[in-house]
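*Asks:* In the numbering used here, the protein residues as written are 95 to 356.
Structure provided below as structure tokens; questions to follow.
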Ligand code: OOG
Ligand code: MG
């Protein structure tokens with residue numbers, strides 16, 4: 095750690111205030127270029143604690159920057175991990191007020207729901223599939239608190255990996271019934287397809303992203319509890335949305351899920 099506890103607390107409060115007030119900020123590494131990975135996750139942990147203190151419930155986790163499309167779009171090379179609160183969850187077909195966010199984008203995700211705890215190190219695709227209750231389609235709404243969505247990895251980790259809202263829906267199916275690598279994915283905005291992909295875009299197999307997440311948490315003494323929702327990462331690059339937009343994600347064999355922006 096390069097930052098003292100006071101700076102960690104101050105940065106966490108700053109980023110969460112930007113989130114809650116829908117205001118952007120410069121990336122925090124501009125002010126603290128020496129901060130390291132542990133500092134970045136310590137800031138994210140502090141934001142998580144603050145939300146828990148306010149009565150939010152932890153419902154799961156997310157992996158991000160797990161596909162080449164996303165890594166290329168954001169100019170980074172390694173996955174990042176964040177947390178999901180009940181307050182981020184939008185009902186299927188629900189509405190999101192664009193004004194409550196800074197510059198939202200949507201991305202298609204394969205969602206895992208666990209039935210047994212997963213604790214790294216040593217998790218792999220097999221252990222993840224064995225602990226998975228079912229798979230669902232999900233749309234993640236990301237909203238970086240950084241100006242113009244420009245950041246480096248440490249800044250985006252501190253900012254809970256741009257997590258803002260998510261919706262899951264469609265059909266829930268056991269992982270054993272599906273080949274997650276070849277599942278076709280279509281994201282539509284206002285009835286027009288905007289991006290296409292397949293599950294293998296996420297680290298060759300989306301369960302590999304969940305295994306990385308479990309190993310990351312395990313290294314920090316945490317596990318993925320049974321009953322967690324896990325977003326395995328955007329399959330294609332994220333698409334910007336504006337007031338009036340309607341977004342639908344269709345995943346082969348898993349139906350569709352949608353959201354509206356007003
Ligand atoms: C970081 C979050 C990335 C994903 O699925 O790749 C993410 C960002 O792009 O702002 O959630
Ligand atoms: Mg995502």
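For glycine and all other residues, C-beta sits at the position ideal for the given N, C-alpha and C.
Buried or exposed: which applies to residue 125, given that a residue is buried once 16 or more other Cβ atoms fall within 10 Å of its Cβ?
*Replies:* The sequence position of residue 125 within the chain shown is 31, counting from 1. Residue 125 is exposed by the Cβ-count criterion.
*Asks:* Less than 7 Å between the CB of residue 182 and some heavy atom of the ligand OOG, yes or no?
*Replies:* Stepping through the chain shown from its first residue, residue 182 is reached at position 88. No, the ligand OOG has no heavy atom inside 7 Å of this Cβ.
*Asks:* For the alpha helix (DSSP H) that contains residue 318, what are its first and last residues?
*Replies:* By one-based count along the chain shown, residue 318 stands at place 224. First-last for residue 318: undefined, no H or E at that position.
*Asks:* Could you check how far apart the C-beta atoms of residue 163 and residue 303 are, in whole angstroms? I think they sit under 8 Å.
*Replies:* The residue you call residue 163 lines up with position 69 of the chain shown. The residue you call residue 303 lines up with position 209 of the chain shown. Incorrect: roughly 14 Å between the Cβ atoms, too far for contact.
*Asks:* Under 7 Å from any heavy atom of the ligand OOG, does the C-beta of residue 171 make it?
*Replies:* Position 77 of the chain shown, counting from 1, holds the residue named residue 171. No - the ligand OOG has no heavy atom lying nearer than 7 Å to the Cβ of residue 171.
*Asks:* Which residue comes first and which comes last in the alpha helix (DSSP H) that contains residue 142?
*Replies:* Counting from 1 along the chain shown, the entry for residue 142 is found at position 48. Note, residue 142: alpha helix (DSSP H), 131–147.
*Asks:* For residue 196, which residues in the same chain have their Cβ closer than 6 Å to its Cβ, ignoring the five residues on either side in sequence?
*Replies:* Residue 196 sits at position 102 when you count from the first residue of the chain shown. Excluding sequence neighbours, residue 196 sits near 116, 118, 237.
*Asks:* Taking the beta carbon of residue 66 as the centre, do at least 16 other beta carbons fall within 10 Å, making it buried, or is it exposed?
*Replies:* Only positions 95 to 356 of the chain appear in the structure, and residue 66 is not among them; the question remains open.
*Asks:* Are residue 204 and residue 322 close, meaning C-beta to C-beta below 8 Å?
*Replies:* For the purposes of this step, residue 204 is taken as residue 110 along the chain shown, with counting starting at 1. For the purposes of this step, residue 322 is taken as residue 228 along the chain shown, with counting starting at 1. Not in contact: residue 204 and residue 322 (Cβ atoms no closer than 8 Å).
*Asks:* Report the start-end ranges of each beta strand (DSSP E) in the stretch 248–284 that is 3 residues or longer and not cut off at the edges.
*Replies:* With a minimum length of 3 residues, the continuous beta strand (DSSP E) runs that stay inside the stretch 248–284 are 257–262, 278–283.
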